[in-house]
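Input: a single structure, listed below in C-alpha coordinates.
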Amino acid sequence: MNYSSSHNHQETITQTQHKHTTKRLTEDQVRLLESNFNSSKKLDPEQKQQLSRQLGVPPRQIAIWYQNKRARWKNQSLEHEYSRLELQLEATLARTRRLQREVEQLQAELNNIQTQQARHDKYYNNNNHHRPPMDPTVFLCGEEVGSSSRSLDDNHLNNLYCLGEQVFEAEQMYDVACMIGSDLRLVGSENNSF
1 MNYSSSHNHQ ETITQTQHKH TTKRLTEDQV RLLESNFNSS KKLDPEQKQQ
51 LSRQLGVPPR QIAIWYQNKR ARWKNQSLEH EYSRLELQLE ATLARTRRLQ
101 REVEQLQAEL NNIQTQQARH DKYYNNNNHH RPPMDPTVFL CGEEVGSSSR
151 SLDDNHLNNL YCLGEQVFEA EQMYDVACMI GSDLRLVGSE NNSF
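In terms of UniProt numbering, the sequence shown is residues 1 to 194.
Spelled out as C-alpha coordinates, the structure:
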(Lines of atoms letter the chains of each structure in order from A; the text may use other names.)
(Lines give C-alpha, C1' and ligand atoms only; values in the text may rest on other atoms or scores of the structure.)
Protein backbone atom coordinates (compact mmCIF):
# COMPACT_ATOMS: atom_id res chain seq x y z
CA MET A 1 0.00 0.00 0.00
CA ASN A 2 1.49 3.32 -0.96
CA TYR A 3 1.36 6.47 1.10
CA SER A 4 -1.46 8.24 -0.78
CA SER A 5 -3.84 5.30 -0.62
CA SER A 6 -2.93 4.78 3.02
CA HIS A 7 -3.59 8.45 3.71
CA ASN A 8 -7.00 8.30 1.96
CA HIS A 9 -7.89 5.17 3.92
CA GLN A 10 -6.93 6.93 7.16
CA GLU A 11 -9.12 9.96 6.26
CA THR A 12 -12.07 7.66 5.57
CA ILE A 13 -11.64 6.00 8.96
CA THR A 14 -11.38 9.40 10.67
CA GLN A 15 -14.53 10.64 8.89
CA THR A 16 -16.36 7.46 9.85
CA GLN A 17 -15.26 7.83 13.45
CA HIS A 18 -16.27 11.52 13.41
CA LYS A 19 -19.72 10.58 12.13
CA HIS A 20 -20.09 8.12 14.95
CA THR A 21 -18.86 10.60 17.57
CA THR A 22 -21.85 12.90 16.96
CA LYS A 23 -24.52 11.33 19.06
CA ARG A 24 -28.22 11.89 19.07
CA LEU A 25 -29.40 14.64 21.44
CA THR A 26 -31.52 13.70 24.43
CA GLU A 27 -34.92 15.26 25.09
CA ASP A 28 -33.44 17.45 27.86
CA GLN A 29 -30.69 18.68 25.53
CA VAL A 30 -33.24 19.46 22.82
CA ARG A 31 -35.42 21.32 25.34
CA LEU A 32 -32.46 23.46 26.42
CA LEU A 33 -31.53 24.17 22.79
CA GLU A 34 -35.18 25.02 22.00
CA SER A 35 -35.38 27.51 24.88
CA ASN A 36 -32.12 29.13 23.76
CA PHE A 37 -33.35 29.23 20.18
CA ASN A 38 -36.62 30.89 21.24
CA SER A 39 -34.68 33.64 23.00
CA SER A 40 -32.18 34.12 20.15
CA LYS A 41 -32.43 32.76 16.60
CA LYS A 42 -28.76 33.48 15.90
CA LEU A 43 -25.97 31.64 17.67
CA ASP A 44 -22.79 33.58 18.38
CA PRO A 45 -19.50 31.68 18.98
CA GLU A 46 -19.56 32.39 22.71
CA GLN A 47 -23.05 30.91 23.11
CA LYS A 48 -22.05 27.93 20.98
CA GLN A 49 -19.08 27.15 23.24
CA GLN A 50 -21.15 27.61 26.39
CA LEU A 51 -23.91 25.28 25.11
CA SER A 52 -21.30 22.77 23.99
CA ARG A 53 -19.80 22.59 27.50
CA GLN A 54 -23.23 22.59 29.15
CA LEU A 55 -24.65 19.80 26.98
CA GLY A 56 -21.44 17.82 26.45
CA VAL A 57 -21.70 17.79 22.66
CA PRO A 58 -19.33 19.18 20.02
CA PRO A 59 -19.82 22.85 19.07
CA ARG A 60 -20.23 21.83 15.41
CA GLN A 61 -23.26 19.68 16.32
CA ILE A 62 -24.85 22.63 18.11
CA ALA A 63 -24.18 24.89 15.10
CA ILE A 64 -25.77 22.33 12.76
CA TRP A 65 -28.78 21.92 15.07
CA TYR A 66 -29.27 25.72 15.08
CA GLN A 67 -28.95 25.88 11.31
CA ASN A 68 -31.53 23.12 10.81
CA LYS A 69 -33.86 24.61 13.41
CA ARG A 70 -33.66 28.04 11.74
CA ALA A 71 -34.53 26.49 8.37
CA ARG A 72 -37.54 24.64 9.86
CA TRP A 73 -38.62 27.82 11.67
CA LYS A 74 -38.48 29.83 8.43
CA ASN A 75 -40.49 27.17 6.60
CA GLN A 76 -43.11 27.14 9.35
CA SER A 77 -43.27 30.94 9.27
CA LEU A 78 -43.78 30.88 5.50
CA GLU A 79 -46.47 28.20 5.78
CA HIS A 80 -48.24 30.19 8.48
CA GLU A 81 -48.06 33.38 6.40
CA TYR A 82 -49.30 31.49 3.33
CA SER A 83 -52.27 30.10 5.29
CA ARG A 84 -53.10 33.56 6.63
CA LEU A 85 -52.96 35.09 3.15
CA GLU A 86 -55.04 32.24 1.74
CA LEU A 87 -57.76 32.84 4.36
CA GLN A 88 -57.62 36.57 3.67
CA LEU A 89 -57.96 35.91 -0.08
CA GLU A 90 -60.95 33.61 0.47
CA ALA A 91 -62.65 36.24 2.64
CA THR A 92 -61.97 38.94 0.04
CA LEU A 93 -63.31 36.75 -2.77
CA ALA A 94 -66.46 35.96 -0.76
CA ARG A 95 -66.97 39.68 -0.10
CA THR A 96 -66.42 40.44 -3.79
CA ARG A 97 -68.99 37.82 -4.83
CA ARG A 98 -71.48 39.23 -2.30
CA LEU A 99 -70.93 42.77 -3.60
CA GLN A 100 -71.31 41.57 -7.20
CA ARG A 101 -74.65 39.94 -6.34
CA GLU A 102 -75.71 43.16 -4.62
CA VAL A 103 -74.71 45.21 -7.69
CA GLU A 104 -76.66 42.83 -9.95
CA GLN A 105 -79.71 43.11 -7.69
CA LEU A 106 -79.50 46.90 -7.63
CA GLN A 107 -79.03 46.97 -11.41
CA ALA A 108 -82.16 44.83 -11.84
CA GLU A 109 -84.12 47.16 -9.54
CA LEU A 110 -82.85 50.19 -11.47
CA ASN A 111 -83.83 48.60 -14.80
CA ASN A 112 -87.29 47.81 -13.40
CA ILE A 113 -87.79 51.39 -12.19
CA GLN A 114 -86.53 52.81 -15.50
CA THR A 115 -88.97 50.58 -17.40
CA GLN A 116 -91.84 51.69 -15.19
CA GLN A 117 -90.77 55.32 -15.55
CA ALA A 118 -90.76 54.94 -19.34
CA ARG A 119 -94.29 53.44 -19.23
CA HIS A 120 -95.43 56.31 -17.02
CA ASP A 121 -93.92 58.91 -19.36
CA LYS A 122 -95.41 57.19 -22.42
CA TYR A 123 -98.88 57.16 -20.83
CA TYR A 124 -98.83 60.89 -20.12
CA ASN A 125 -97.30 61.77 -23.50
CA ASN A 126 -99.81 59.62 -25.47
CA ASN A 127 -102.88 60.86 -23.59
CA ASN A 128 -101.84 64.54 -23.63
CA HIS A 129 -102.34 64.72 -19.91
CA HIS A 130 -100.56 67.21 -17.78
CA ARG A 131 -97.83 65.16 -16.26
CA PRO A 132 -97.54 65.69 -12.51
CA PRO A 133 -94.06 65.89 -11.04
CA MET A 134 -92.90 62.45 -10.05
CA ASP A 135 -92.98 61.89 -6.32
CA PRO A 136 -90.89 58.77 -5.61
CA THR A 137 -93.04 57.89 -2.59
CA VAL A 138 -96.22 57.98 -4.67
CA PHE A 139 -94.55 56.08 -7.52
CA LEU A 140 -93.21 53.36 -5.24
CA CYS A 141 -96.49 53.20 -3.36
CA GLY A 142 -98.37 52.73 -6.62
CA GLU A 143 -95.99 49.97 -7.64
CA GLU A 144 -96.52 48.18 -4.36
CA VAL A 145 -100.29 48.43 -4.75
CA GLY A 146 -100.19 47.18 -8.32
CA SER A 147 -97.87 44.27 -7.59
CA SER A 148 -99.68 43.11 -4.45
CA SER A 149 -103.18 43.55 -5.90
CA ARG A 150 -102.94 41.36 -8.99
CA SER A 151 -106.05 39.42 -8.05
CA LEU A 152 -108.17 42.61 -7.95
CA ASP A 153 -110.02 43.70 -11.05
CA ASP A 154 -108.98 46.79 -13.02
CA ASN A 155 -111.95 48.88 -11.77
CA HIS A 156 -110.88 48.34 -8.19
CA LEU A 157 -107.28 49.29 -9.05
CA ASN A 158 -108.48 52.52 -10.64
CA ASN A 159 -110.20 53.44 -7.36
CA LEU A 160 -106.95 53.30 -5.33
CA TYR A 161 -105.02 56.48 -4.56
CA CYS A 162 -101.70 57.07 -2.84
CA LEU A 163 -101.03 59.83 -0.41
CA GLY A 164 -97.41 59.63 0.74
CA GLU A 165 -96.92 56.01 1.71
CA GLN A 166 -100.58 55.30 2.47
CA VAL A 167 -103.06 53.79 0.01
CA PHE A 168 -106.72 54.86 0.09
CA GLU A 169 -109.79 53.82 -1.84
CA ALA A 170 -111.86 56.58 -3.45
CA GLU A 171 -114.47 56.45 -0.67
CA GLN A 172 -111.81 56.78 2.02
CA MET A 173 -110.27 59.76 0.20
CA TYR A 174 -113.73 61.39 0.10
CA ASP A 175 -114.17 60.84 3.86
CA VAL A 176 -110.72 62.32 4.56
CA ALA A 177 -111.45 65.32 2.32
CA CYS A 178 -114.78 65.89 4.11
CA MET A 179 -113.06 65.77 7.51
CA ILE A 180 -110.39 68.20 6.37
CA GLY A 181 -113.05 70.49 4.91
CA SER A 182 -115.12 70.45 8.10
CA ASP A 183 -112.01 71.22 10.16
CA LEU A 184 -111.26 74.18 7.89
CA ARG A 185 -114.84 75.47 8.27
CA LEU A 186 -114.53 75.22 12.06
CA VAL A 187 -111.24 77.11 12.04
CA GLY A 188 -112.73 79.75 9.73
CA SER A 189 -115.79 80.22 11.93
CA GLU A 190 -113.62 80.54 15.03
CA ASN A 191 -111.58 83.27 13.34
CA ASN A 192 -114.73 85.20 12.42
CA SER A 193 -116.25 85.01 15.91
CA PHE A 194 -114.45 88.03 17.38
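Don't be surprised by glycine CBs; every beta carbon is placed ideally from N, CA and C.
**Asked** Run through DSSP, which three-state label would K41 get?
**Response** Reduced to three states, the DSSP call for K41 is coil.
**Identity of the residue in Q114, F37, L106, L85 nearest A71 by Cα** = The closest CA to that of A71, considering only Q114, F37, L106, L85, is found on F37.
**Item:** Buried or exposed (CB count within 10 angstroms, at least 16 for buried), I62
**Value:** I62 counts as buried, since no fewer than 16 other beta carbons sit within 10 angstroms of its beta carbon.
**Request:** Give a yes or no on whether the minimum CB-CB distance between N38 and chain D is below 7 Å.
**Result:** Chain labels in this structure do not include chain D; a single protein chain is all it has.
**Prompt:** According to the neighbour-count rule (16 or more other Cβ atoms, all chains shown, within 10 Å of its Cβ), is L186 buried or exposed?
**Reply:** Reliability fails at L186, whose pLDDT of 46 lies under 50, so the model's placement of it is uncertain and the value that follows must be treated cautiously. Residue environment analysis places L186 among the exposed positions, since fewer than 16 neighbouring C-beta atoms fall within 10 angstroms of its C-beta.
**Short Cβ contact (7 Å threshold) for L51 with Q29** = Cβ distance not < 7 Å, so L51 and Q29 don't count as in contact.
**Request:** Identify, in the order they occur along the chain, each residue of the same chain with its Cβ nearer than 8 Å to the Cβ of Q49, setting aside the five sequence neighbours on each side.
**Result:** The answer, listed in chain order, is P59.
**Prompt:** In chain order, what residues of the same chain lie with their CB nearer than 6 Å to the CB of Q117, ignoring the 5 residues before and after it?
**Reply:** Hits under 6 Å: none found.
**Asked** Quick one, are the C-beta atoms of L32 and Y66 less than 7 Å apart?
**Response** In this structure, L32 sits away from Y66, with a CB-CB distance that is not shorter than 7 Å.
**Request:** Would you tell me roughly how many angstroms separate the C-alpha atoms of residue 265 and K69, rounded to the nearest one?
**Result:** With the chain running from 1 to 194 in the structure shown, residue 265 is simply not present.
**Message:** On the criterion of 16 or more Cβ atoms from any shown chain inside 10 Å, does V103 qualify as buried, or is it exposed?
**Reply:** That one is exposed.
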